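*Asks:*
In the numbering used here, the protein residues as written are 569 to 730.
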């Protein structure tokens, strides 16, 4: 269910919104196999109208199912945003679309959540990575060949006689 704000009601005073948005309605496609969204977005928002702008503050919380890029173990990551979240202009070039005197906040909240996703999810700062011997001589990364033991990127340059 989208979060719709009626501009006329908002002009009378601030509005409070609390609830959740189910995953299908969030329309989040991570395009990353290390991040998956399986739980709804929880929100607790205060919306105000201040000089032709909608100001949104409050809290957003979304649980992500992640896979650590170092050790490949699954873990949960909480995306939490709080405080002032958005300022949406009602006039000018950047004005938000108003349909039937209502503004849908969902796409703007989705954008803030997506920007808070981890780029390289790691299960913890002390993650040791893949345990030695786990790959048993096979390349750990897809499509990238491992360098032979004892070989360095500078090996060929070291052979040059200048």
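Note that beta-carbon positions come from the ideal geometry of N, C-alpha and C, so glycine has one too.
Predicted model, so just to flag it, every value in this text is computed and none were measured.
(1) Going by alpha carbons, who is nearest to residue 654 out of 627, 687 and 693?
(2) Strictly by DSSP, which residues pair up with residue 622?
(3) Since residue 676 is in the alpha helix (DSSP H), which residue starts that stretch and which ends it?
(4) Going by the beta-carbon positions, is the gap between residue 602 and residue 646 smaller than 8 Å?
(5) Where residue 604 and residue 610 are concerned, what is the direct C-alpha to C-alpha distance, given to the nearest angstrom?
(6) With DSSP collapsed to three states, give me the class of residue 668.
(7) What separation, rounded to the nearest whole angstrom, lies between the Cα atoms of residue 660 and residue 686?
(8) What number of angstroms, rounded off, separates the C-alpha of residue 667 from the C-alpha of residue 614?
(9) Can you tell me whether residue 630 is helix, strand or coil according to DSSP?
*Replies:* From the atom records:
(1) That would be 627, whose Cα lies nearest to the Cα of residue 654.
(2) Answer is 617 and 656.
(3) Bounds of the alpha helix (DSSP H) holding residue 676 are 674-683.
(4) Their beta carbons are not under 8 Å apart, which means residue 602 does not touch residue 646 by this criterion.
(5) For residue 604 and residue 610, the distance between alpha carbons rounds to 16 Å.
(6) DSSP, reduced to helix, strand and coil, places residue 668 outside both helices and strands of the structure shown, so it counts as coil.
(7) Their backbone Cα atoms lie some 33 Å apart in a straight line.
(8) Approximately 21 Å, taken between the alpha carbons.
(9) DSSP places residue 630 in strand when its eight states are reduced to three.
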